[in-house]
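Asker: Pasting a structure here, questions to come.
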Amino acid sequence: MARPRTFNEDRAVDAAMTLFWTFGYEGTSTQQLCEATGLGRSSIYNTFKSKRELFDRALRRYMETKTARQLELIESSDLPIRERVRQILWDAVEPDPADPLGCLVVNTLVELAPHEPEVAELLDRDHAVKIEALATAFRAAQAAGEVDADHDPTALADYVFVVLSGLRVAARAGATRAGQEAVVASALRTF
Numbered sequence: 001m002a003r004p005r006t007f008n009e010d011r012a013v014d015a016a017m018t019l020f021w022t023f024g025y026e027g028t029s030t031q032q033l034c035e036a037t038g039l040g041r042s043s044i045y046n047t048f049k050s051k052r053e054l055f056d057r058a059l060r061r062y063m064e065t066k067t068a069r070q071l072e073l074i075e076s077s078d079l080p081i082r083e084r085v086r087q088i089l090w091d092a093v094e095p096d097p098a099d100p101l102g103c104l105v106v107n108t109l110v111e112l113a114p115h116e117p118e119v120a121e122l123l124d125r126d127h128a129v130k131i132e133a134l135a136t137a138f139r140a141a142q143a144a145g146e147v148d149a150d151h152d153p154t155a156l157a158d159y160v161f162v163v164l165s166g167l168r169v170a171a172r173a174g175a176t177r178a179g180q181e182a183v184v185a186s187a188l189r190t191f
């Protein structure tokens with residue numbers, strides 16, 4: 001008879017997510033995963049089958065939580081579009097202190113997506129949802145006179161997420177807060 005699990009899978013995935021976010025897929029060892037989750041090697045492999053499956057679950061959890069927060073903000077029609085964009089970008093300037101610097105999605109785009117099509121497809125789908133939501137918000141802002149009608153809403157949405165990715169990479173590289181704030185201010189002047 002199998003022993004019942006005595007750990008919380010969600011907490012294990014969250015702990016793994018933080019490690020992968022900090023060190024990347026290749027940079028995270030099984031031993032680090034054991035220490036962070038409190039699980040033995042056999043428990044990790046019995047539950048998640050492989051380091052890769054645990055990574056996939058952690059990446060999906062990251063995207064679900066981060067994308068949900070961003071979509072909630074984007075679709076918050078009670079805020080002017082510039083304020084919504086400012087808040088999206090500000091997440092990179094002033095991240096949750098409990099989170100590692102940077103972005104697990106951006107890190108994964110660089111590390112795994114170029115040679116793993118299934119990862120690239122997953123990241124592309126997540127990105128497309130955010131771009132479409134923000135482009136829709138820009139269209140509504142154009143209709144309300146908040147944004148000049150000459151701007152391409154999809155291009156603006158892409159621009160915002162490119163700036164966000166750049167801010168997150170710069171944060172990992174040690175960018176100053178003043179520098180990050182200046183980038184946000186410049187981005188907001190583009191529309």
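For the sequence shown, the residue numbers in the UniProt record's numbering are 1 to 191. Built from N, CA and C at the ideal position, the CB exists for glycine as well. Since the structure is predicted, the reported quantities are computational estimates derived from the model, not experimental observations.
What does the alpha-carbon distance come out to for the pair P4 and S50?
Answerer: Confidence at P4 is low in this model, with a pLDDT of 47, below 50, so its placement is unreliable and no value can be given for it.
Asker: Whether or not the region 170–180 and the region 113–123 are in contact is what I'm after, with contact meaning three or more pairs of Cβ atoms, one per stretch, closer than 8 Å; do they touch?
Answerer: No: fewer than three Cβ pairs fall under 8 Å.
Asker: Counting only beta-carbon atoms, is M63 nearer than 8 Å to chain C?
Answerer: In the structure shown, chain C cannot be found, because there is only a single protein chain.
Asker: Where does A141 fall in DSSP's three states?
Answerer: helix
Asker: In the structure shown, what three-state DSSP assignment does R3 receive?
Answerer: The pLDDT assigned to R3 is 48, lower than 50, so where the model puts this residue is not dependable, and the model offers no usable value.
Asker: Quick one: what does DSSP say E75 is sitting in, helix, strand or coil?
Answerer: coil
Asker: Report the three-state DSSP secondary structure of D67 (helix, strand or coil).
Answerer: A small fix is needed here, since residue 67 is Thr in this sequence, not Asp. Correct three-state label for T67: helix.
Asker: At which residue ranges does the region 129–184 contain complete beta strand (DSSP E) runs of 3 or more residues, listed in the order of the chain?
Answerer: none
Asker: Quick check on the DSSP output: the alpha helix (DSSP H) that includes T47 runs from which residue to which?
Answerer: 41–48
Asker: If we count the other Cβ atoms within 10 Å of its Cβ and call it buried at 16 or more, is M1 buried or exposed?
Answerer: Residue placement at M1 cannot be trusted, given a pLDDT of 49 that sits under 50; what the coordinates show is reported in the next sentence. So M1 ends up on the exposed side.
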